[in-house]
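Here's the structure, in structure tokens; my notes come after.
In this note's numbering, the protein residues as written are 47 to 262.
In structure tokens, the structure reads:
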């Protein structure tokens, strides 16, 4: 059973201690990773999620990942880190190299959900877009509205978002309720709305490679 989004934000998800490979991931990716595991029968992959709120303080991601690797190294054949760079300025990549573990490629989840190559090409012209994923649509208040103080000072909206032109909702699943909520997020930010169905993008590719390698 997947914990609710508040739990994934504040606490994360403990591993069930089954399988040969441990995925250490952001809590914001729990739904997607568990869906891919179930759809592909990847029972040999176990999942631990760190609190999604670490994204509010990217410097805390690195020690949290390091601690999780150290705690679990003796219990699994392989550990794979399911974080992109996520605002760490390349330091998470360097830490993973130091620890001898691999991590998913990409600057952030918006990139790997859309496909890193596609996102890089789009970013040349789409630099005034603000992106949301399924998780961030559901947790918009917790990750955008409240941390930016817009719940207390709505007049700050144009200061923060005045240079953006549109909100792009990268949908991982087809859910009319999420579509409506994402459109409302765009309205609240005063931005045009665009929905793109990305599915799981390069996340599915990366995890597929990990799963296949582990079966050999």
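Cβ atoms here follow ideal geometry from the backbone N, Cα and C, with glycine treated the same way. The structure presented is a predicted model; accordingly, all values stated were derived computationally and were not measured.
Nearest to residue 124 by alpha carbon, out of 146, 107, 138, 109? Residue mapping note: residue 124 aligns to position 78 of the chain shown, counting from 1. Nearest Cα to residue 124 within the set 146, 107, 138, 109: 146.
Once DSSP output is grouped into helix, strand and coil, what is the label at residue 192? Residue mapping note: residue 192 aligns to position 146 of the chain shown, counting from 1. Residue 192 falls in the coil class under three-state DSSP.
Could you give the DSSP three-state label for residue 131: helix, strand or coil? As a working mapping, residue 131 is identified with position 85 in the chain shown. Residue state for residue 131 is assigned as coil, using DSSP reduced to three classes.
By how many angstroms is the C-alpha of residue 106 removed from the C-alpha of residue 143? Sequence index remark: in the chain shown, residue 143 carries index 97 (1-based). Sequence index remark: in the chain shown, residue 106 carries index 60 (1-based). Residue 143 and residue 106: Cα-Cα distance of roughly 18 Å.
With a CB to CB cut of under 7 Å and the five nearest residues on each side skipped, what residues in its chain are close to residue 48? Sequence index remark: in the chain shown, residue 48 carries index 2 (1-based). Within the same chain, residue 48 has close Cβ partners 76, 77, 80.
Is the separation between the beta-carbon of residue 111 and that of residue 252 shorter than 8 Å? For the purposes of this step, residue 111 is taken as the residue at position 65 of the chain shown. For the purposes of this step, residue 252 is taken as the residue at position 206 of the chain shown. Cβ atoms of residue 111 and residue 252: not closer than 8 Å.
Report the CB separation of residue 93 from residue 59 in whole angstroms; it is logged as a contact under 8 Å. Looking up residue 93 in the chain shown gives position 47. Looking up residue 59 in the chain shown gives position 13. With 8 Å as the limit, residue 93 and residue 59 qualify as a contact, their Cβ atoms being about 7 Å apart.
Applying the criterion that 16 or more other CB atoms from any shown protein chain within 10 Å of the CB defines a buried residue, is residue 248 buried or exposed? For the purposes of this step, residue 248 is taken as the residue at position 202 of the chain shown. That one is buried.
Report yes if the CB atom of residue 238 is closer than 8 Å to the CB atom of residue 211, and no otherwise. Walking along the chain shown from the start, residue 238 turns up at place 192. Walking along the chain shown from the start, residue 211 turns up at place 165. Yes. Within cutoff.
Measuring only the C-alpha atoms, how far is residue 167 from residue 174? In the chain shown, the residue the question calls residue 167 occupies position 121. In the chain shown, the residue the question calls residue 174 occupies position 128. Spanning the alpha carbons of residue 167 and residue 174 requires a straight line of approximately 14 Å.
Which whole-angstrom value describes the C-beta separation of residue 73 and residue 54, a residue pair presumed to lie in contact below a C-beta threshold of 8 Å? Mapped onto the chain shown, residue 73 falls at position 27. Mapped onto the chain shown, residue 54 falls at position 8. Indeed, because the Cβ distance is near 4 Å, the residues count as touching under 8 Å.
Residue 254 versus 88, 114, 193, 213, residue with shortest Cα-Cα distance: Stepping through the chain shown from its first residue, residue 254 is reached at position 208. Checking every option, the nearest Cα to that of residue 254 belongs to 88.
Could you tell me which residues DSSP pairs with residue 96 in its beta bridges? The residue you call residue 96 lines up with position 50 of the chain shown. Beta-bridge partners assigned by DSSP to residue 96: 72.
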